[in-house]
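Take a look at the structure below.
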Amino acid sequence: MTVNKFTGIFMAIFIAGVLTVSLIQDAAKHKTGEQPFAATNTITDASAWLVSPEPLIEGKNNEKIRPLIGSMSGAVAVHYRGPKNIVAIGLEYWKGGVKTGTSNGLSMTLMDQEKDKQGNYIFDGHIVYSLQDRSDPNRSGIAYRELVYAIVSPNGYVSSTFKVDIPEGIKMWSGIQLPQETKVPLDESTTVWGVQGTDQQQMSSYSSPTETLQRADWAMSVRLGFNDSDHTAAK
1437 MTVNKFTGIF
1447 MAIFIAGVLT
1457 VSLIQDAAKH
1467 KTGEQPFAAT
1477 NTITDASAWL
1487 VSPEPLIEGK
1497 NNEKIRPLIG
1507 SMSGAVAVHY
1517 RGPKNIVAIG
1527 LEYWKGGVKT
1537 GTSNGLSMTL
1547 MDQEKDKQGN
1557 YIFDGHIVYS
1567 LQDRSDPNRS
1577 GIAYRELVYA
1587 IVSPNGYVSS
1597 TFKVDIPEGI
1607 KMWSGIQLPQ
1617 ETKVPLDEST
1627 TVWGVQGTDQ
1637 QQMSSYSSPT
1647 ETLQRADWAM
1657 SVRLGFNDSD
1667 HTAAK
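This note's numbering numbers the first residue of the sequence shown as 1437 and each following residue consecutively.
Shown next, in the form of structure tokens:
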């Protein structure tokens, strides 16, 4: 999947004004025209899946897209081989280092043709995201912020938006990034992105998203995992 494909997805979301989840497209009818993802990382541990950060924009020719997707945007590459057929995202709120709320996010169902010879489902895809400022014509300044995000596979993508309720009084805020490639047990999920804020004059980030969330005054995080058909939210 190329960088131009990522920005194309965001452009399609912005231009169309998508406010609801896109339907999962049938691979036989809706080809993306892309070649299958090249697995840059090889999964040698059958009990784990891999997720790693990657740039959303590369090269000067793509910098003109920057104003549309914002500075707080990015992507992660995901490599999964396992028994579960649903790619699932959960959205979490944190306050004072304690999780205060969760919400089901996007999910994508893997099809039988996406299995290997051993019967494991294969997902070599990406999660792309961008936090956007939204304005209100009846008031000055930023009215609210909205997360635009998508699950991207070789056969298509699903996308949605999520209104991020940042408390009043937040003076400073920044993104929470996945710092490096992470190996995750097959039956577990992990935080792939987030945003934190504070009403103080300074704020710190730590070596892992988990530690940052547990120390943040306020935060919202995006959690990724793989589930079966009976459980669609990332646990």
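Cβ atoms here follow ideal geometry from the backbone N, Cα and C, with glycine treated the same way. All of these numbers come straight from a predicted model, not from anything done at the bench.
Considering only their Cβ atoms, is the gap separating Y1585 from T1596 smaller than 8 Å?
Within the sequence shown, the letter at position 160 stands for residue 1596. Within the sequence shown, the letter at position 149 stands for residue 1585. The sequence given here has Ser at residue 1596, not Thr. Yes, Cβ-Cβ distance for S1596 and Y1585 is below 8 Å.
Take the Cβ of E1624 as the centre, count every other Cβ of all protein chains shown within 10 Å, and call the residue buried at 16 or more, exposed below.
Translated into positions along the sequence shown, residue 1624 becomes position 188. So E1624 ends up on the exposed side.
How about R1659 and T1627: do their beta carbons lie closer than 8 Å?
As a position in the sequence shown, residue 1659 is number 223, starting the count at 1. As a position in the sequence shown, residue 1627 is number 191, starting the count at 1. Cβ distance < 8 Å, so R1659 and T1627 count as in contact.
Quick one, are the C-beta atoms of L1614 and G1518 less than 8 Å apart?
By one-based count along the sequence shown, residue 1614 stands at place 178. By one-based count along the sequence shown, residue 1518 stands at place 82. Contact flag unset, no.
If we count the other Cβ atoms within 10 Å of its Cβ and call it buried at 16 or more, is A1491 buried or exposed?
Taking the first residue of the sequence shown as position 1, residue 1491 is located at position 55. Before going on, a small fix: residue 1491 reads as Pro here, not Ala. That one is exposed.
Does the segment 1506-1513 come close enough to the segment 1532-1547 to have 3 or more Cβ pairs within less than 8 Å?
Output reads no: the segment 1532-1547 does not touch the segment 1506-1513.
Look at the alpha carbon of T1634 and the alpha carbon of Y1529, and state the distance between them as a whole number of angstroms.
Here the question's residue 1634 lines up with position 198 in the sequence shown. Here the question's residue 1529 lines up with position 93 in the sequence shown. T1634 and Y1529: Cα-Cα distance of roughly 14 Å.
Using a Cβ-Cβ cut-off of 6 Å (strictly less than) and excluding sequence neighbours within five positions of Y1629, which residues of its own chain qualify?
Translated into positions along the sequence shown, residue 1629 becomes position 193. According to the sequence as given, residue 1629 is Trp; it is not Tyr. Here the set comprises Y1565 and V1658.
Count the other C-beta atoms from every protein chain shown that fall within 10 angstroms of the C-beta of D1569, then say buried if there are 16 or more, exposed otherwise.
Here residue 1569 corresponds to residue number 133 of the sequence shown, with the count starting at 1. By the 10 Å Cβ count, D1569 comes out exposed.
What residue range does the beta strand (DSSP E) around M1568 cover?
As a position in the sequence shown, residue 1568 is number 132, starting the count at 1. Met is not the amino acid found at residue 1568; the sequence shown has Gln there. Y1557 to S1571 is the extent of the beta strand (DSSP E) around Q1568.
Classify N1574 as buried or exposed, calling it buried when 16 or more other Cβ atoms lie within 10 Å of its own Cβ.
Against the sequence shown, residue 1574 aligns to sequence position 138. Label assigned to N1574: exposed.
Is it buried or exposed for M1608, if we count other Cβ within 10 angstroms and need 16 for buried?
Against the sequence shown, residue 1608 aligns to sequence position 172. It counts as exposed.
Please say whether I1612 and V1523 have beta carbons closer to each other than 8 Å?
Locating residue 1523 in the sequence shown gives position 87, counting from the first residue. Locating residue 1612 in the sequence shown gives position 176, counting from the first residue. Going by C-beta atoms, V1523 is not nearer than 8 Å to I1612.
Determine the burial state of Y1580: buried for a count of at least 16 other Cβ atoms within 10 Å of its Cβ, exposed for fewer.
As a position in the sequence shown, residue 1580 is number 144, starting the count at 1. Exposed is the call here.
Per DSSP, what kind of secondary structure is F1554 in: helix, strand or coil?
As a working note, residue 1554 is residue 118 in the sequence shown. The amino acid at residue 1554 is misidentified as Phe; the sequence shows Gln. Correct three-state label for Q1554: coil.
Per DSSP, which residues does S1509 bridge with? Please list them.
Indexing the sequence shown from 1 puts residue 1509 at position 73. In DSSP, S1509 forms a bridge with S1566.
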